[in-house]
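S.K.: Got a structure for you, questions after.
Structural data, given as structure tokens:
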């Protein structure tokens with residue numbers, strides 16, 4: 001059912017993005033991001049497609065971090081921000097934590113050795129390597145770790161957000177935007 005809802009709404013959301021890119025964003029990805037930021041500044045949800053709460057719209061829009069990242073750049077220097085890939089944080093948290101520790105210029109106290117794989121396939125943190133007690137990401141905060149997209153829905157999402165995947169490409173887009181804002 002969830003996949004059906006997404007499958008049904010993706011074309012509408014794609015049309016919505018294209019319309020904003022063309023009419024508010026000068027037909028460019030940076031223009032689209034700026035248009036979303038303008039909507040955010042106007043106290044609107046950047047991707048407001050329907051008037052009532054819409055789970056699918058929230059799933060699609062809340063993953064579009066470029067808009068929010070630009071907002072943060074209004075208050076913080078780019079060198080004060082670190083973008084971490086959420087998938088990497090779930091699948092290989094030690095890599096993300098290594099980047100965070102490097103960014104903060106602190107000793108690497110958390111490494112690959114601090115993680116064990118649970119029966120459910122999740123990486124779980126243990127404070128000391130010899131500890132048997134460990135902590136895993138749970139589903140108590142609305143996470144949908146057990147939900148998988150059908151192949152066609154996953155492909156459609158990849159197509160929709162493909163231009164924005166990866167921290168490096170996001171930072172590249174935002175650097176262009178940030179430099180434009182300074183001029």
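In UniProt numbering, the protein residues as written are 1 to 183. A virtual CB, placed ideally from N, CA and C, is assigned to each residue, including glycine.
Is residue 74 helix, strand or coil when you go by DSSP?
M.R.: Taking the first residue of the chain shown as 1, we reach residue 74 at position 74. Coil, per DSSP.
S.K.: If you draw a straight line from the C-alpha of residue 117 to the C-alpha of residue 123, how long is it?
M.R.: Position 117 of the chain shown, counted from the start, is the residue given in the question as residue 117. Position 123 of the chain shown, counted from the start, is the residue given in the question as residue 123. Distance between the alpha carbons of residue 117 and residue 123: 5 Å.
S.K.: In whole angstroms, what is the alpha-carbon distance linking residue 201 and residue 82?
M.R.: Since the displayed the chain opens at 1 and closes at 183, residue 201 lies outside it and no answer follows.
S.K.: Looking at the secondary structure, which residues open and close the alpha helix (DSSP H) in which residue 200 lies?
M.R.: There is simply no residue 200 to check, as the chain begins at 1 and stops at 183 in what is shown.
S.K.: According to DSSP, is residue 153 part of a helix, a strand, or is it coil?
M.R.: Along the chain shown, read from residue 1 onward, the residue named residue 153 stands at position 153. It is helical.
S.K.: Could you work out which residue in 134, 110, 69, 31 is closest to residue 79 when comparing CA atoms only?
M.R.: Locating residue 79 in the chain shown gives position 79, counting from the first residue. Cα-wise, what sits closest to residue 79 is 69.
S.K.: If you reduce the DSSP assignment to three classes, tell me which class residue 137 lands in.
M.R.: Sequence index remark: in the chain shown, residue 137 carries index 137 (1-based). Residue 137: coil per DSSP, three-state reduction.
S.K.: Out of curiosity, what's the CA-to-CA distance linking residue 120 and residue 136?
M.R.: Locating residue 120 in the chain shown gives position 120, counting from the first residue. Locating residue 136 in the chain shown gives position 136, counting from the first residue. The alpha-carbon atoms of residue 120 and residue 136 are separated by roughly 10 Å.
S.K.: Which residues bound the alpha helix (DSSP H) around residue 97?
M.R.: As a first step, residue 97 is located in the chain shown; it is residue number 97 there, counting from the start. It spans 93-103 - the alpha helix (DSSP H) in which residue 97 sits, taken as one unbroken run.
S.K.: Taking a contact to mean a Cβ-Cβ separation below 8 Å, would you say residue 20 touches residue 37 in this structure?
M.R.: On the chain shown, residue 20 is found 20 positions in, with the first residue counted as 1. On the chain shown, residue 37 is found 37 positions in, with the first residue counted as 1. No, the Cβ-Cβ distance between residue 20 and residue 37 is not below 8 Å.
S.K.: Hey, would you say residue 152 sits closer than 8 Å to residue 7, going by beta carbons?
M.R.: As a position in the chain shown, residue 152 is number 152, starting the count at 1. As a position in the chain shown, residue 7 is number 7, starting the count at 1. For residue 152 and residue 7, yes; Cβs fall inside 8 Å.
S.K.: Roughly how many whole angstroms lie between the Cα atoms of residue 14 and residue 25?
M.R.: If you number the chain shown from 1, residue 14 lands on position 14. If you number the chain shown from 1, residue 25 lands on position 25. Approximately 15 Å between the Cα atoms of the pair.
S.K.: I need the straight-line Cα distance from residue 99 to residue 92, nearest angstrom please.
M.R.: Reading the chain shown from its first residue, position 99 is the one you call residue 99. Reading the chain shown from its first residue, position 92 is the one you call residue 92. Distance between the alpha carbons of residue 99 and residue 92: 12 Å.
S.K.: Tell me which same chain residues have a C-beta within less than 8 Å of the C-beta of residue 112, skipping the five on either side of it?
M.R.: Residue 112 sits at position 112 when you count from the first residue of the chain shown. So the list reads 94, once near-sequence residues are dropped.
S.K.: Assuming residue 17 and residue 156 make a contact with CB atoms under 8 Å, what is their CB distance in whole Å?
M.R.: For the purposes of this step, residue 17 is taken as the residue at position 17 of the chain shown. For the purposes of this step, residue 156 is taken as the residue at position 156 of the chain shown. Contact flag wrong, Cβ pair sits at about 13 Å.
S.K.: Going by DSSP in three states, residue 173 sits in which element: helix, strand or coil?
M.R.: One-based indexing of the chain shown puts residue 173 at position 173. Its pLDDT being 49, under 50, residue 173 is placed unreliably by the model, and the measurement read from it follows with that caveat. Looking at residue 173 - three-state DSSP - the assignment turns out to be helix.
S.K.: Quick one: grab the DSSP three-state call for residue 117.
M.R.: In the chain shown, counting from the first residue as 1, residue 117 sits at position 117. In the structure shown, residue 117 sits in a strand (DSSP, three-state: E or B).
S.K.: Am I right that residue 103 and residue 115 are in contact with their C-beta atoms under 8 Å? What's the rounded C-beta distance?
M.R.: Along the chain shown, one-based indexing puts residue 103 at 103. Along the chain shown, one-based indexing puts residue 115 at 115. With a Cβ gap of about 19 Å, residue 103 and residue 115 do not count as contacting.
S.K.: Measuring straight from C-alpha to C-alpha, what distance separates residue 154 and residue 77?
M.R.: Here residue 154 refers to the residue found at position 154 of the chain shown. Here residue 77 refers to the residue found at position 77 of the chain shown. Approximately 34 Å between the Cα atoms of the pair.
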